[in-house]
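Quick note: the sequence shown uses this note's numbering, first residue 311, plus one each step. One structure below.
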Amino acid sequence: MVMIKLKLILSTSIWFITACCMKIQAQDTYKYVPQSKELYNAIIHMDSVYFNAYNSCDMETQAHIYADNIEFYHDKGGLMTSKQELLDAIKKNICGKVTRQLVPGSIEVYPIAGFGAVEIGLHRFINHAEGDSRSKPDKFVVVWQHKDDQWLITRVISLH
């Protein structure tokens, strides 16, 4: 009888501790909610416009979206600050060889008062030169400037 009571107390205790831990974990779970749905939609749209141009090698659209003072930080390639050199590198190394896919639901957008917004998300790349191999999802950060009714990419951090 004592053993049955001990087993009951033990199983009840384990259940209670598990339930409490699950409740704590649920409370600690982060769920992104945009501060401004309008800003979020604008940046989602611009991400799509830019990467449609990137994937189709539309260099004119890409040049139009990059700010003249672009800073492109790549964890493997280093820092690039020349807009023309960046466009030349994309044309040489990306066009017809690599396409980008956004990880659905991964983008977060935060306003930067008086300047624009920062976009954080996950994407992967398909390397067509290597049998359509797919990268693991990688993080990226894009700083967008809203200037003269136009969104410009001023800073990029690309992590692989």
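Glycine included, every Cβ here is placed at the ideal spot set by N, Cα and C. In this text, all values refer to a predicted model and were calculated from it rather than measured experimentally.
| Asked | Found |
| --- | --- |
| Beta strand (DSSP E) segment containing Tyr-376, residue limits | 376 to 384 |
| Chain-order list of residues whose beta-carbon lies under 6 angstroms from that of Tyr-376 (same chain, five-residue window excluded) | Lys-393 and Ile-463 |
| For Ala-427: DSSP bridge partner residues | Pro-421 and Trp-454 |
| Runs of alpha helix (DSSP H) lying entirely within the stretch 335 to 375, each at least 4 residues, in chain order | 347 to 366 and 369 to 375 |
| Bridge-paired residues (DSSP) for His-433 | Leu-412 and Asp-448 |
| Ile-422 burial status per 10 Å Cβ neighbour count (16 or more: buried) | exposed |
| Backbone CA spacing between Lys-407 and Glu-418 [nearest angstrom] | 28 angstroms |
| When Ala-427, Val-413, Glu-395 and Asp-398 are compared against Gln-460, the one with the closest alpha-carbon | Ala-427 |
| Top-ranked residue by Cα proximity to Leu-469, from Gly-441, Leu-432 and His-456 | Leu-432 |
| Contact under 8 angstroms by Cβ, Glu-381 with Thr-391 | yes |
| Buried versus exposed, by CB contacts within 10 Å (16 or more), Tyr-364 | buried |
| Residues bridged to Leu-396 [DSSP beta-bridge criterion] | In DSSP, Leu-396 forms no bridge with anything. |
| Residues bridged to Ile-404 [DSSP beta-bridge criterion] | BP columns for Ile-404 are empty, so no partner. |
| Backbone CA spacing between Arg-410 and Ile-436 [nearest angstrom] | 6 angstroms |
| Buried/exposed call for Leu-389, threshold 16 Cβ in 10 Å | exposed |
| Check: Gly-424 C-beta below 7 angstroms from any heavy atom of the ligand ATP | Of the ligands one can find in the structure shown there are none, so the ligand ATP has no counterpart to examine. |
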